[in-house]
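Novice:
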Amino acid sequence: MADVIKKATRDSYGDALVEVSELYPDMVVLDADLAAATKTGTFKKACPDRFIDCGIAEANMMGVAAGIASTGRKVFASSFAMFAAGRAYEIVRNSIGYPHLNVKIGATHAGISVGEDGATHQCNEDIALMRTIPGMTVINPADDVEARAAVKAALEIDGPVYLRFGRLAVPVINDNADYKFELGKGITLKDGKDVTIVATGLMVYMAVEAAEMLKAEGIDARVINIHTIKPLDKELICKAAQETGCIVTAEEHSVIGGLGAAVAEAVTECCPVPVVKLGVNDEFGHSGPAVDLLKEYGLTAENIAAMAKKAVSLKK
Amino acid sequence: MDATIRKQLERTACKVRMGVIEGTFNAKSGHPGGSLSISDLLTYLYFAKMHVDPKNPKMQSRDRLVLSKGHTAPALYSVLAQRGFFDEAELKSLRHIGALLQGHPDMKHIPGVDMSTGSLGQGISAACGMALSGKLASDSYKVYAILGDGEIEEGQVWEAAMFAAHYQLDNLVAIVDNNGLQIDGKITDVMSPMPIDKKFEAFGWYVITMDAHDFDDIERAFNEAENISGKPVAIIQKSTKGKGVSFMENQVGWHGKAPNADEYKQAMDELQAALDSIKD
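Heads up: the sequence lines are chains B and V, in that order. If you read the first sequence in numbering that gives the first Met the number 0, its first letter stands for residue 0, the second for the next number, and so on. If you read the second sequence in numbering that gives the first Met the number 0, its first letter stands for residue 0, the second for the next number, and so on.
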């Protein structure tokens, strides 16, 4: 992997905001004193007149974003996932979600790969929180290419969107000419017939690696990248359930309420097959280098492969 | 204020209050007390102050009103009906299944409602966003936000207060309905937000105090607010909860309770008598 390009999706977020700034001249970006970390600082540098710092007040920021959106202006509101989805949850629900306002929430530092800051800043619950809000679109991009495409796609739809970005630099895997981001559509990265690995965010590149490991053991794994967790591509997932007979999900999020839960919910209704969920178990994170934490919490290609074998063994 | 205009506003305010009673009586729930304390304010804003067009409720250049104390929606709905945004008959189905008028303001469906509110402390932030967006576009519209004196116990209000002053939102006027009562009792007993004026001043706002039930004083306050530049304006309106219905006035029990049939009749009779007493 030495020559693989790595980039954190938060950097992609900052870059994408600048990329779209001319196309949407009325767009404003809000942050809550974290511009340097969320990378909205990149936009601030390029478009200082359209950057609004709300200070350390995420609840108010979300309400301000709602008010701005109500006037017809496009707006991004940014903070760490913990504060955007966690602290400001009820404002996001009532001031943005209920009136279905056109606010894009750019949440960075999601998951345990926040690293050294530890449990208070490692949000493993944001997908669960955001996907319960009616009408909220939830996107968790896998790499730089997908993150930038997601920002553009979010701007093209009318309504609230939660975009989840990471702090840790991750391999760029979608830099191929035929890559296409379609909101609400999963991407089959590798076909297979024995088991389907459904992954999101930084677990996607690991899922591809896991499929290679399984291949060496004679297991033919399908790999699906789900960047849009809501609305979920149920058709693609149910088809995979039918054709491969079992599923393993992989996400850097709690196993409660996230991608795994969403996939299980879909599969139980269309084609009940074993669904093994890999994610952060019902526990908090702690401090440490991101890469070490991912290993400690079992968020590795090796563990995806192990879980895939478990899923295969559960098949009737 | 011109006497004819004042009398017209007083008459309209009586009708707005009757709508509050009509709505909450038919809903068998709702919040009459705090609705009656802001009825004069809303009447003044929608009939003498705000640039709005009932035929074009989403008009971009309109002045906007955010009822941050969203539970007093009956007063907002009643004034919007009087102003012609929708049929007055809608008030009778307030809070009913399938009705237009939700328990709390719903901007998606109700003509004239500029922001969905109800969870206290949130509306003022949205009002800040509207005001900021207007400033960025050099639009000339004004934004009015109405808060309860109990509502300002919410921390988010003070985040918004800081924001409005920091961005010099002089196109924003927040009116605090100081009726002195909240669900659990007197605001000074439950969790005192006093002194309200000094707090807003300390947060960088220009503060005006007014009598909430005197149209001359209301006009004086808003005229003063009009001339302030460089900072947001907070108008602390000294009001009477339940104003206009004798048995509801200053009674904490009427915060969130609907009148029964006898109470409904008495309230409507009193308001009708008040309306009839306003002679040209």
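C-beta atoms are modelled at their ideal positions from N, C-alpha and C, and glycine is treated no differently.
With a Cβ-Cβ cutoff of 8 angstroms, do residue 230 (chain B) and residue 115 (chain B) count as a contact?
Specialist: no
Novice: Would you check if the distance between the CB atom of residue 42 (chain B) and the CB atom of residue 16 (chain B) is smaller than 8 angstroms?
Specialist: yes
Novice: Taking the CB atoms as reference points, tell me whether residue 107 (chain V) and residue 98 (chain B) lie closer together than 8 angstroms.
Specialist: yes
Novice: Determine contact between the region 245-255 of chain V and the region 203-219 of chain V, defined as no fewer than three beta-carbon pairs at a distance below 8 angstroms.
Specialist: no
Novice: Could you check whether the Cβ of residue 265 (chain V) sits closer than 8 angstroms to any Cβ belonging to chain B?
Specialist: no
Novice: Which of the three DSSP states, helix, strand or coil, is assigned to residue 145 (chain B)?
Specialist: helix
Novice: Within the same chain, show all residues whose beta-carbon is closer than 6 angstroms to that of residue 359 (chain B), passing over the 5 residues directly before and after it, in chain order.
Specialist: With chain B covering 0 to 315 only, the question about residue 359 (chain B) has no answer from this structure.
Novice: With 8 angstroms as the threshold, decide whether the Cβ of residue 129 (chain V) is near any Cβ in chain B.
Specialist: yes
Novice: Could you name the residues of chain V that residue 53 (chain B) contacts, counting a contact when the two beta carbons are closer than 7 angstroms?
Specialist: 162
Novice: Looking at residue 236 (chain V) and residue 176 (chain V), is the spacing between their C-beta atoms short of 8 angstroms?
Specialist: yes
Novice: Could you tell me whether the Cβ atoms of residue 240 (chain B) and residue 303 (chain B) are closer together than 8 angstroms?
Specialist: no
Novice: Within 8 angstroms (strictly less), CB to CB, does residue 93 (chain B) reach chain V?
Specialist: With 8 angstroms as the cut-off, residue 93 (chain B) counts as an interface residue toward chain V.
Novice: Mind listing the chain C neighbours of residue 101 (chain V)? Cutoff is C-beta to C-beta under 9 angstroms, in chain order.
Specialist: Of the protein chains in the structure, B and V, none is chain C.
Novice: How long is the line joining the alpha carbons of residue 286 (chain B) and residue 118 (chain B), rounded to whole angstroms?
Specialist: So the two alpha carbons sit approximately 7 angstroms from each other.
Novice: Is the number of C-beta pairs between the region 75-85 of chain B and the region 99-108 of chain B that are closer than 8 angstroms three or more?
Specialist: Under the Cβ criterion (8 angstroms, minimum of three pairs), the region 75-85 of chain B counts as touching the region 99-108 of chain B.
Novice: Under 8 angstroms, Cβ to Cβ, is there at least one residue of chain B near residue 201 (chain V)?
Specialist: no
Novice: Taking the alpha-carbon positions, what's the residue 316 (chain B) to residue 111 (chain B) distance?
Specialist: No answer is possible for residue 316 (chain B): it lies beyond the span of chain B, which begins at 0 and ends at 315.
Novice: For the beta strand (DSSP E) containing residue 285 (chain V), list its first residue and its last residue.
Specialist: This structure cannot speak to residue 285 (chain V), because chain V is shown only from 0 to 279.
Novice: Using alpha carbons as the reference points, say which of V:228, V:38, V:162 and V:113 lies closest to residue 78 (chain V).
Specialist: V:38
Novice: Reducing DSSP to helix, strand and coil, say where residue 172 (chain V) ends up.
Specialist: DSSP, read as helix, strand or coil, puts residue 172 (chain V) in strand.
Novice: Does any residue of chain V bring its CB to less than 8 angstroms from the CB of residue 160 (chain B)?
Specialist: When Cβ-Cβ separations below 8 angstroms define contact, residue 160 (chain B) makes no contact with chain V.
Novice: Could you tell me whether any Cβ in chain B is nearer than 8 angstroms to the Cβ of residue 149 (chain V)?
Specialist: no
Novice: Does the beta-carbon distance from residue 131 (chain V) to residue 166 (chain V) come in below 8 angstroms?
Specialist: yes
Novice: Taking all protein chains shown into account, do 16 or more other C-beta atoms lie within 10 angstroms of the C-beta of residue 313 (chain B), making it buried, or fewer, making it exposed?
Specialist: exposed
Novice: Let me know the secondary structure DSSP gives residue 192 (chain V) once reduced to three states.
Specialist: coil
Novice: Note down the Cα distance separating residue 271 (chain V) from residue 124 (chain V), rounded to an integer number of angstroms.
Specialist: 38 angstroms
Novice: Using a C-beta to C-beta distance shorter than 8 angstroms, which residues of chain B count as neighbours of residue 106 (chain V)?
Specialist: 69 and 98
Novice: To which residues of the same chain is residue 45 (chain V) closer than 6 angstroms at the C-beta, ignoring the five residues directly before and after it?
Specialist: Counting only Cβ-Cβ distances below 6 angstroms, and skipping sequence neighbours, we find 78 and 82.
Novice: Determine the direct distance from the alpha carbon of residue 34 (chain B) to that of residue 46 (chain B), and round the result to whole angstroms.
Specialist: For residue 46 (chain B) and residue 34 (chain B), the distance between alpha carbons rounds to 13 angstroms.
Novice: I'd like to know if residue 158 (chain V) contacts chain B, where contact means its C-beta is closer than 8 angstroms to some C-beta of that chain.
Specialist: yes
Novice: Using a Cβ cut-off of 8 angstroms (strictly closer), state whether residue 0 (chain B) contacts chain V.
Specialist: Because residue 0 (chain B) sits at a pLDDT of 47, beneath the cut-off of 50, its placement in the model cannot be relied upon, and the following sentence gives the value as read from the coordinates. Not an interface residue.
Novice: Who pairs with residue 184 (chain V) in a beta bridge, going by DSSP?
Specialist: V:181
Novice: Which of the three DSSP states is assigned to residue 88 (chain B) in this structure?
Specialist: helix
Novice: Would you mind reading off the limits of the beta strand (DSSP E) that contains residue 237 (chain V)?
Specialist: 232-237 is the extent of the beta strand (DSSP E) around residue 237 (chain V).
Novice: Note the first and the last residue of the continuous beta strand (DSSP E) segment covering residue 114 (chain V).
Specialist: Neither: residue 114 (chain V) is in no beta strand (DSSP E) and is coded neither H nor E.
Novice: Short of 9 angstroms Cβ to Cβ, which residues in the region 109-127 of chain V face chain B?
Specialist: 113, 114, 115, 116, 117, 118, 120, 121, 122, 123, 124, 125, 126 and 127
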